[in-house]
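**Student:** For the sequence shown, our numbering gives the first residue as 189, with consecutive numbering after it. Sharing a structure here in structure tokens format.
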Amino acid sequence: MVDVTAVPAPYKRAVQEELRGTLHEVSYSVNNYINASRELVTNQSISPSMAGRAVVQGEPITKRCNVYLPAGYDEQDANTRYDVLYLLHGVGGDQHEWLNSNGKADDQFIICNILDNLMANGDTEPLIVVFPNGRSSHDWTDNSFNAAGTNMLGFYYFDYELRYDLIPFIESQYHTIANGVDTATEAIAFNRNHRAIAGLSMGGMQALNMILGGYRHDSTMYTNTQSSWNNGLDATVLAPGMTDLFAYVGAFSNAPTSSRGSVLGKSIATNDHRLHVLYLTSGDKDGVVTDSYAGANDGLIETAGAFIEAYYQILVRDGYHNFDVWNNGAYNFIRQAFRTAGEQQDKKLITVTLQSY
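Here it is as structure tokens:
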């Protein structure tokens with residue numbers, strides 16, 4: 189087992205130029221999204237009962253994401269292939285939040301410095317990191333918090349875009365180990381071992397609800413119910429989960445609409461794919477997510493049973509709802525991910541209170 193620790197101070201500083209990865213903002217086509225009428229536009233066979241709303245056909249939209257390519261990546265070298273990590277942003281962020289809002293050191297983005305150092309020091313094999321915009325909606329560039337907005341609804345339908353649009357794009361454009369074109373049983377088992385996903389705050393909720401299988405949410409103006417969180421949102425239908433695509437999942441300060449652990453654990457067990465790593469973390473002074481962090485952990489390991497190999501519950505002392513905690517989450521999650529089955533841990537449940545971040 190790799191020990192969970194504070195981020196070493198030098199890891200936030202830039203490495204030598206030849207050891208730095210490169211960052212690219214790219215466009216891709218999205219066929220699965222929420223339109224202005226709150227319908228799910230899709231080119232897949234998704235029933236209205238499964239989606240929890242009307243399903244229609246429509247024209248694709250174009251979205252953008254940021255892609256970090258590790259030092260030494262060569263587009264002409266198709267023989268060298270890489271694992272992929274998807275890092276999701278918060279409710280007011282976008283594909284730039286992990287970069288711009290996290291700040292710089294030595295004129296380099298801190299998250300890229302952490303990634304560069306992890307790879308340069310052999311803490312992880314070189315990997316590709318994707319920073320998506322997590323709103324699957326026609327107005328995906330709207331960063332405002334509007335519980336009744338389609339931009340907010342889009343957070344709860346990102347799984348369809350991820351499965352049918354973004355992952356196929358990444359795996360067709362870059363030299364990834366995973367190859368989603370191959371859908372044989374053996375290929376699915378192989379590919380999921382080479383994809384990881386994690387997110388901060390709202391992105392942490394998405395990692396839990398969309399990937400493990402929790403509830404979608406919509407505005408109480410449309411559900412005609414009361415919000416359990418007094419934020420204008422309430423649960424609707426269960427998302428099917430995506431553990432067939434991801435073997436490593438992390439949630440950093442998961443947002444209030446995260447489903448309870450008993451719900452998530454049941455979905456994990458029902459979907460019948462073992463998670464190699466599930467990593468949840470929060471700051472002990474984060475008043476935003478105190479209840480949702482505890483709730484997401486409550487009953488999860490009991491209901492998931494043998495379908496989780498290594499389950500991390502990491503509390504950061506004097507940690508708030510900020511990048512001190514989230515950088516720590518990314519640093520430690522990456523160090524646990526992409527290890528062979530059974531290599532990650534000596535015990536199933538790992539609980540740690542870090543004295544610093």
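Glycine included, every Cβ here is placed at the ideal spot set by N, Cα and C.
With H, G and I counted as helix, E and B as strand and the rest as coil, what does DSSP make of threonine 362?
**Tutor:** Here residue 362 refers to the residue found at position 174 of the sequence shown. Looking at the sequence itself, residue 362 is tyrosine, so the reference to threonine does not match. Tyrosine 362: coil per DSSP, three-state reduction.
**Student:** Among Tyr436, Arg201, Ala484, whose alpha-carbon lies nearest the alpha-carbon of asparagine 442?
**Tutor:** Looking up residue 442 in the sequence shown gives position 254. With distances taken between Cα atoms, asparagine 442 lies closest to Ala484.
**Student:** In the DSSP assignment, what are the bridge partners of asparagine 254?
**Tutor:** In the sequence shown, counting from the first residue as 1, residue 254 sits at position 66. Note: asparagine 254 sits in a beta bridge opposite Glu213, Phe319.
**Student:** Just list the residues that DSSP pairs arginine 383 with in beta bridges.
**Tutor:** By one-based count along the sequence shown, residue 383 stands at place 195. DSSP lists Val272 as partners of arginine 383.
**Student:** Ignore the nearest five residues each way along the sequence and tell me which others in glycine 487's own chain have a CB closer than 7 Å to its CB.
**Tutor:** Counting from one through the sequence shown, the residue named residue 487 turns up at place 299. Only Arg448, Gly449, Ser450, Gly453 meet the Cβ criterion.
**Student:** In three-state terms, what does DSSP make of serine 389?
**Tutor:** Working through the sequence shown from its first residue, we reach residue 389 at position 201. Coil.
**Student:** When the distance is taken between beta carbons, is alanine 492 closer than 8 Å to alanine 518?
**Tutor:** Residue mapping note: residue 518 aligns to position 330 of the sequence shown, counting from 1. Residue mapping note: residue 492 aligns to position 304 of the sequence shown, counting from 1. No; because the gap between Cβ atoms is not below 8 Å, this pair is not in contact.
**Student:** Starting from serine 470, follow the beta strand (DSSP E) in both directions and report where the run begins and ends.
**Tutor:** Position 282 of the sequence shown, counted from the first residue, corresponds to residue 470. Element bounds for serine 470: 463 to 471.
**Student:** Tell me the residue span of the beta strand (DSSP E) that contains alanine 443.
**Tutor:** Numbered from 1 along the sequence shown, position 255 holds the residue referred to as residue 443. Element bounds for alanine 443: n/a, residue is neither H nor E.
**Student:** Is it buried or exposed for arginine 404, if we count other Cβ within 10 angstroms and need 16 for buried?
**Tutor:** Residue 404 sits at position 216 when you count from the first residue of the sequence shown. Answer is buried; the Cβ neighbour count reaches 16.
**Student:** Grab the span of the beta strand (DSSP E) containing glutamine 501 for me, first residue to last.
**Tutor:** Along the sequence shown, one-based indexing puts residue 501 at 313. Run containing glutamine 501: 496 to 504, per the beta strand (DSSP E) assignment.
**Student:** How far does the alpha helix (DSSP H) with alanine 308 in it extend, from its first residue to its last?
**Tutor:** Along the sequence shown, read from residue 1 onward, the residue named residue 308 stands at position 120. Looking at the DSSP string, the run of the alpha helix (DSSP H) that includes alanine 308 is 298 to 308.
**Student:** Which word fits valine 190, buried or exposed, when buried means at least 16 other C-beta atoms lie within 10 angstroms of its C-beta?
**Tutor:** On the sequence shown, position 2 is the one that residue 190 refers to. Burial call: exposed.
**Student:** On the three-state DSSP scale, how would you describe serine 450?
**Tutor:** Residue mapping note: residue 450 aligns to position 262 of the sequence shown, counting from 1. The answer is helix: DSSP assigns serine 450 an H, G or I state.
**Student:** How is leucine 354 classed by DSSP in three states: helix, strand or coil?
**Tutor:** Along the sequence shown, one-based indexing puts residue 354 at 166. It is helical.
**Student:** With a CB to CB cut of under 7 Å and the five nearest residues on each side skipped, what residues in its chain are close to glutamate 285?
**Tutor:** Within the sequence shown, residue 285 is the residue found at index 97, counting from 1. Excluding residues within five positions, the ones whose Cβ falls inside 7 Å are His277, Gly278.
**Student:** From the DSSP output, in three-state form, read off arginine 523 for me.
**Tutor:** Mapped onto the sequence shown, residue 523 falls at position 335. It is helical.
**Student:** Provide the residue span of the alpha helix (DSSP H) that contains threonine 541, from first to last.
**Tutor:** Along the sequence shown, read from residue 1 onward, the residue named residue 541 stands at position 353. It is not in any alpha helix (DSSP H) - threonine 541 instead sits in the beta strand (DSSP E) that spans 537 to 542.
**Student:** Have a look at arginine 201 and isoleucine 302 and give me their C-alpha separation to the nearest angstrom.
**Tutor:** Locating residue 201 in the sequence shown gives position 13, where the first residue counts as 1. Locating residue 302 in the sequence shown gives position 114, where the first residue counts as 1. The straight-line gap from Cα to Cα measures roughly 8 Å.
**Student:** Residues in its own chain within less than 7 Å of glycine 429 by CB, not counting five upstream and five downstream?
**Tutor:** The residue given as residue 429 occupies position 241 in the sequence shown. Result list for glycine 429: Ile399, Leu400, Gly401, Ser455, Asn459, in chain order.
**Student:** Tell me the DSSP secondary structure of serine 407 in three-state form.
**Tutor:** In the sequence shown, the residue the question calls residue 407 occupies position 219. If DSSP states are grouped into helix, strand and coil, serine 407 belongs with the strands.
**Student:** Could you name the residues of the same chain whose beta carbon sits closer than 8 Å to that of lysine 536, not counting the 5 residues immediately before and after it, in chain order?
**Tutor:** Position 348 of the sequence shown, counting from 1, holds the residue named residue 536. Excluding positions up to five away in sequence, the list reads Ile489, Ile496, Glu497, Ala498, Tyr499.
**Student:** In the DSSP assignment, what are the bridge partners of isoleucine 222?
**Tutor:** Within the sequence shown, the letter at position 34 stands for residue 222. BP columns for isoleucine 222 point to Leu228, Ser325.
**Student:** Which residues share a DSSP beta bridge with isoleucine 249?
**Tutor:** Translated into the one-based positions of the sequence shown, residue 249 becomes position 61. Isoleucine 249 is bridged to Val218.
**Student:** With 16 as the cutoff for other CB atoms within 10 Å, does glutamine 159 come out buried or exposed?
**Tutor:** Since the first residue shown for the chain is 189 and the last is 545, residue 159 is missing from the structure and cannot be characterised.
**Student:** Counting pairs of Cβ atoms below 8 Å between the region 241 to 256 and the region 219 to 227, do you hit three or more?
**Tutor:** They touch, by the three-pair rule.
**Student:** Are the Cβ atoms of glutamate 206 and alanine 293 separated by less than 8 Å?
**Tutor:** Numbered from its first residue, the sequence shown carries residue 206 at position 18. Numbered from its first residue, the sequence shown carries residue 293 at position 105. In this structure, alanine 293 does not lie closer than 8 Å to glutamate 206 by Cβ.
**Student:** Is the CB-CB distance between asparagine 516 and valine 195 below 8 Å?
**Tutor:** To locate residue 516, count along the sequence shown from 1; it is residue 328. To locate residue 195, count along the sequence shown from 1; it is residue 7. Their beta carbons are under 8 Å apart, which means asparagine 516 touches valine 195 by this criterion.
**Student:** Since valine 437 and leucine 463 should fall inside the 8 Å C-beta cutoff, what is the C-beta to C-beta distance between them, to a whole number of angstroms?
**Tutor:** As a first step, residue 437 is located in the sequence shown; it is residue number 249 there, counting from the start. As a first step, residue 463 is located in the sequence shown; it is residue number 275 there, counting from the start. Between leucine 463 and valine 437 the Cβ distance is about 6 Å, and since that is below 8 Å, they are a contact.
**Student:** Measure the alpha-carbon distance for valine 255 versus isoleucine 298 and round it to whole angstroms.
**Tutor:** Within the sequence shown, numbered from 1, the residue matching residue 255 stands at position 67. Within the sequence shown, numbered from 1, the residue matching residue 298 stands at position 110. About 15 Å.
**Student:** When burial is assigned at 16 or more other CB atoms within 10 Å of the CB, is aspartate 479 buried or exposed?
**Tutor:** Here residue 479 is taken as the residue at index 291 of the sequence shown, counted from 1. Aspartate 479 is exposed by the Cβ-count criterion.
**Student:** Comparing C-alpha positions only, which one of Ser446, Ala439, Phe434 sits nearest to aspartate 422?
**Tutor:** What you label residue 422 is simply residue 234 of the sequence shown in a count that begins at 1. The candidate whose alpha carbon is nearest that of aspartate 422 is Ser446.
**Student:** What's the call for glutamine 232, buried or exposed, on a 16-neighbour Cβ count within 10 Å?
**Tutor:** Indexing the sequence shown from 1 puts residue 232 at position 44. Exposed, by the Cβ-count rule.
**Student:** Just mark aspartate 370 as buried or exposed, buried being the case when its beta carbon has 16 or more other beta carbons within 10 Å.
**Tutor:** Start at 1 with the first residue of the sequence shown, and residue 370 comes out as number 182. Answer is exposed; the Cβ neighbour count stays below 16.
**Student:** If you follow the alpha helix (DSSP H) that arginine 488 is in, where does it begin and where does it stop?
**Tutor:** Counting from one through the sequence shown, the residue named residue 488 turns up at place 300. The sequence as given places leucine at residue 488; arginine does not occur at that position. Per DSSP, leucine 488 belongs to the alpha helix (DSSP H) from 488 to 492.
**Student:** With a cut-off of 8 Å on the beta carbons, I'd call serine 389 and histidine 509 a contact; round off their distance for me.
**Tutor:** Working through the sequence shown from its first residue, we reach residue 389 at position 201. Working through the sequence shown from its first residue, we reach residue 509 at position 321. 7 Å between Cβ atoms; contact.
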